[in-house]
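A short write-up of the structure that comes next.
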Amino acid sequence: MLGVVGDSQKSLDGFIDTYNTNQKKMNSFVDTYLNIKSDLERSIKTFNNNYQSCKSYFFNGDEDSFRMMDTDEFFKMCFFNNIKLVSHSPSENRIYLKTEEGIMLATNNRFYTLKEIFTRGGYSIPQLHQFKEFVVFDIGMNRGYAALKFASYDNCRAVYGFEIDSDTFDFAIENFELNEDLYKKIKPHKFGLSNKNEELDIYCLPGADGVTTTELEFTKLQSEWINGKARMKTKKAEVKNAGEILSNIIEKENIESNIVLKIDTEGSEAKIIDSLIDKDVLDKVDVIMGEIHFGLDDLDEKLKGFKNISKVYFTDTIYSFCYVKEELFNVLPIKEF
Numbered sequence: 001m002l003g004v005v006g007d008s009q010k011s012l013d014g015f016i017d018t019y020n021t022n023q024k025k026m027n028s029f030v031d032t033y034l035n036i037k038s039d040l041e042r043s044i045k046t047f048n049n050n051y052q053s054c055k056s057y058f059f060n061g062d063e064d065s066f067r068m069m070d071t072d073e074f075f076k077m078c079f080f081n082n083i084k085l086v087s088h089s090p091s092e093n094r095i096y097l098k099t100e101e102g103i104m105l106a107t108n109n110r111f112y113t114l115k116e117i118f119t120r121g122g123y124s125i126p127q128l129h130q131f132k133e134f135v136v137f138d139i140g141m142n143r144g145y146a147a148l149k150f151a152s153y154d155n156c157r158a159v160y161g162f163e164i165d166s167d168t169f170d171f172a173i174e175n176f177e178l179n180e181d182l183y184k185k186i187k188p189h190k191f192g193l194s195n196k197n198e199e200l201d202i203y204c205l206p207g208a209d210g211v212t213t214t215e216l217e218f219t220k221l222q223s224e225w226i227n228g229k230a231r232m233k234t235k236k237a238e239v240k241n242a243g244e245i246l247s248n249i250i251e252k253e254n255i256e257s258n259i260v261l262k263i264d265t266e267g268s269e270a271k272i273i274d275s276l277i278d279k280d281v282l283d284k285v286d287v288i289m290g291e292i293h294f295g296l297d298d299l300d301e302k303l304k305g306f307k308n309i310s311k312v313y314f315t316d317t318i319y320s321f322c323y324v325k326e327e328l329f330n331v332l333p334i335k336e337f
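The opening position of the sequence shown corresponds to residue 1 in full-length UniProt numbering, with each subsequent residue numbered one higher.
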């Protein structure tokens with residue numbers, strides 16, 4: 001009997017020792033967790049304080065004067081890309097920025113297009129660096145951001161821009177005049193391009209010139225239009241035959257360098273591309289890139305002799321694209337081990 005009791009006591013003592021050991025480990029784990037949690041909370045608090053301090057410094061303590069805009073996104077766009085906030089006129093909704101390369105940019109509270117071009121690598125492809133010399137046809141010039149980006153390349157000879165909306169055209173001229181050296185390369189035209197010469201209606205949203213369109217159907221598809229349709233304004237504007245205009249410029253200017261075509265016209269891309277094909281202009285183009293908004297599911301079929309290097313869908317009908325001439329398409333091997 002005493003032996004059984006002794007064995008039970010030993011088992012109990014062993015269990016208690018194991019429990020005490022595990023309890024010490026648990027206490028150590030909890031202490032470590034609490035220390036990490038405390039350090040993490042302190043780090044997060046420090047980060048938030050530093051973020052708010054940096055943002056307050058960036059906006060000069062005047063963040064509230066930037067109305068109807070995502071100031072956090074605006075600050076991050078500038079902070080992580082070394083873009084300086086030069087000046088702001090709240091009553092005019094006018095903001096001046098300066099890039100690390102010294103390019104001055106005017107914007108309002110809608111800065112999406114500027115962000116895509118100057119901070120997200122929009123229209124930046126290797127071929128632009130490979131060309132000895134190139135010219136750009138910027139169809140859908142908007143505020144001139146892409147034209148300025150292209151013109152900033154040392155090997156860019158000229159940018160021929162086309163903007164259908166007279167107010168947006170004036171906005172582009174303001175940006176060009178802020179950059180006199182780059183402006184010398186830019187040839188802006190205050191009319192749109194299409195598949196014929198005519199005067200037509202354009203549909204606009206005040207303050208959101210990046211979505212101005214000639215296609216009423218487009219206003220049913222794009223998110224800004226869906227949200228702001230009640231504010232739609234209709235204006236008259238002029239368009240000219242894209243194939244004829246570009247063909248005449250190429251001949252008149254005796255363009256023999258590589259040709260880059262950028263097209264983003266919020267819905268009329270198909271008409272423009274068809275016109276360029278009809279007039280054999282695409283045969284002279286080396287790169288074509290931009291956005292398609294609807295009506296061009298067969299772009300691969302249309303662009304014979306080109307290779308698709310990028311196509312990114314934003315919706316079922318809206319996508320960005322970039323094609324280069326087949327002889328410029330050069331694939332490097334992928335390491336697969």
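Glycine residues also receive a C-beta, built at the ideal position from the N, C-alpha and C atoms.
Contact under 8 Å by Cβ, residue i with residue j
i    : j    : result
T234 : G267 : no
M104 : Y96  : yes
I83  : T107 : no
D138 : Y160 : yes
E177 : Y183 : yes
I255 : H293 : no
F169 : V239 : no
L299 : F314 : no
D278 : G305 : no
G140 : I263 : yes
F58  : S257 : no
N237 : L205 : With the sequence shown as reference, residue 237 is identified as Ala, and Asn is not the correct amino acid for it. Going by C-beta atoms, A237 is not nearer than 8 Å to L205.
K307 : I273 : no
Residue burial classification, residue i (beta-carbon count within 10 angstroms, cutoff 16)
i    : result
N330 : exposed
M289 : buried
V136 : buried
E163 : buried
S28  : exposed
T265 : buried
C156 : buried
V312 : exposed
S194 : buried
S223 : exposed
L246 : buried
T46  : exposed
E209 : According to the sequence shown, residue 209 is Asp rather than Glu. Its Cβ being crowded by 16 or more others within 10 Å, D209 is buried.
V30  : exposed
E291 : buried
Between the CA atoms of residue j and residue i - distance to the nearest angstrom
i    : j    : result
I186 : N109 : 25 Å
T18  : K24  : 10 Å
E251 : K284 : 11 Å
I259 : K325 : 11 Å
S166 : T119 : 27 Å
N197 : L261 : 20 Å
M77  : K229 : 28 Å
I44  : N93  : 34 Å
I249 : H189 : 12 Å
A158 : S53  : 42 Å
H88  : F171 : 16 Å
E269 : G207 : 23 Å
L128 : N50  : 39 Å
L114 : L216 : 25 Å
Local conformation of residue i per DSSP, three classes
i    : result
T18  : helix
V30  : helix
I95  : strand
M68  : coil
F134 : strand
I309 : strand
S53  : helix
Y319 : strand
T107 : strand
K76  : helix
S124 : coil
K304 : coil
K24  : helix
K45  : helix
K335 : coil
Entirely within the UniProt domain "Methyltransferase FkbM" (138 to 296) and at least 4 residues each: give me those alpha helix (DSSP H) ranges in chain order.
-> Unbroken alpha helix (DSSP H) runs of no fewer than 4 residues, entirely contained in the UniProt domain "Methyltransferase FkbM" (138 to 296), are found at 145 to 151, 166 to 177, 180 to 183, 223 to 228, 242 to 252, 269 to 278, following chain order.
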